[in-house]
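Engineer: Here numbering that gives the first Met the number 0 is used: position 10 in the sequence shown is 9, and no number is missing along the way. Sharing a structure, written as structure tokens. Questions coming.
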Amino acid sequence: MTPILLRADREGERLDQFLARSVEGLTRSAAQRLLEEGAVAVNGRPAKKNTRTAPGDGVTLSLPDPEPVGLLPQDIPLDVVYEDADVIVVNKPVGMVVHPAPGHPDGTLVNALLYHCGDSLSGINGELRPGIVHRIDRDTSGLLIAAKNDAAHLALAAQLQDHSLYREYEAVCVGTLREDAGAVDAPIGRHPVDRKKMWVDPKHGRPAVTHWAVLGRYPGHTHLQCRLETGRTHQIRVHLASVGHPLLGDTVYGAKKPVPGLAGQCLHARRLSFLHPRTGERLTVECPLPGWFAALLRRLGGLQA
């Protein structure tokens, strides 16, 4: 088993919720199973299912040795931006799903990474699979980091939690923002009616902050740089739509009619910066705008042909 020491930061939080929130990729059901198996201790004592946290509690999680996952490794081309023995950063194209799911059983980024990484994989949730540290939507392009072993996965997940993993996007939104920079600070939660959507939920949502800066203004549109302070599902899309500037091409949170030349929302994960889990050195990687994004900017007048 692989022991992990975590530090609780909230009063009265359910232990399974804390574990799922603190260890990226660990589901609540998997956390509950580990609690039932006696694999979790709080301040050195075995934890019960109804245990709740107090700030400063030391939570020890013992992950079982991983078993092979029933997913098919597939030889799918990957645009690898950085790779070493611990981490891999890829430039995901629009249209590629990250995880297998109903309707997308294969052909995903995980299938491609299983083939590419071979035996060196993270074992979070008790299965051998690439440790996806954060996610980007199917129709969002750009940088995504995955861990190749448990130690790297947990170190990067901790950086995601304490906001030291830097993620920067470029986007084009509908409408003209008057200010040159700003932030949207609004909690995000699951939509009460459409469970596939998220929305700003001041009462029950989780804290979410998106910083933005204007890169260019064009008739009816604004080119933005967006930096995530938190990483909620659909965060940039929800936040910009909530202030009346949905992403161009976002048919979920904006206009329902697709934009010619766009396969989805105009959003690209441009830059990542993180502390290397083994050396502690800060690494920054970036990738250029994809051709479809650059072509759109040229149509709007933002780039020279």
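We put the CB at the ideal spot given by N, CA and C, even for glycine.
1. Can you say whether residue 269 is buried or exposed, counting buried as having 16 or more other CB atoms within 10 angstroms of its CB?
2. Measure from the alpha carbon of residue 41 to the alpha carbon of each residue in 14, 272, 297, 282, then state which is nearest.
3. Would you mind giving the Cβ-Cβ distance between residue 245 and residue 173, rounded to the nearest angstrom? I have them listed as a contact below 8 Å.
4. Please name the residue or residues paired with residue 81 in a DSSP beta bridge.
5. Determine the direct distance from the alpha carbon of residue 265 to that of residue 100, and round the result to whole angstroms.
6. Tell me, to the nearest whole angstrom, how far the beta carbon of residue 198 is from that of residue 237; I am working on the premise that it is less than 8 Å.
7. Looking at residue 171 and residue 242, is the spacing between their C-beta atoms short of 7 Å?
8. How do the region 32-50 and the region 81-89 stand: do at least 3 beta-carbon pairs fall below 8 Å, yes or no?
9. Using C-beta distances below 8 Å, list every residue in its chain close to residue 281, excluding the 5 sequence neighbours before and after it, in chain order.
10. Report the rounded CA-to-CA distance for residue 153 versus residue 22, giving the unit in angstroms.
11. Could you give the first and the last residue of the continuous beta strand (DSSP E) run that contains residue 140?
12. Is it buried or exposed for residue 278, if we count other Cβ within 10 angstroms and need 16 for buried?
13. Which residues in the same chain have their Cβ closer than 6 Å to the Cβ of residue 233, if we skip the five residues on either side of it in sequence?
14. Just how far apart, CA to CA, sit residue 47 and residue 30?
15. Does DSSP put residue 252 in a helix, a strand or coil?
16. What are the start and end residues of each continuous beta strand (DSSP E) run of 3 or more residues lying completely inside the region 180-258, in chain order?
17. Taking 7 Å as the threshold (C-beta atoms), are residue 27 and residue 19 in contact?
18. Kindly list the residues whose CB is nearer than 7 Å to the CB of residue 5, restricted to its own chain and excluding five residues on each side of it in sequence; keep chain order.
19. By DSSP's criteria, residue 3 is part of a beta bridge. Which residues make up the other side?
20. Roughly how many angstroms separate the alpha carbons of residue 194 and residue 175, rounded to a whole number?
21. Suppose you measure from the CA of residue 82 to the CA of residue 9; what does that come to, to the nearest Å?
22. What is the residue span of the alpha helix (DSSP H) that residue 152 lies within?
23. If you reduce the DSSP assignment to three classes, tell me which class residue 116 lands in.
24. Counting only runs that start and end within the region 1-49, where is the beta strand (DSSP E) found for 3 or more residues in a row?
Structural biologist: Taking the geometry as given:
1. buried
2. 14
3. 6 Å
4. 88
5. 24 Å
6. 6 Å
7. no
8. no
9. 272, 273, 274, 275
10. 7 Å
11. 140-146
12. exposed
13. 197
14. 12 Å
15. coil
16. 180-184, 187-189, 197-199, 208-217, 220-227
17. yes
18. 21, 58, 60
19. 60
20. 30 Å
21. 35 Å
22. 149-161
23. helix
24. 1-6, 39-41
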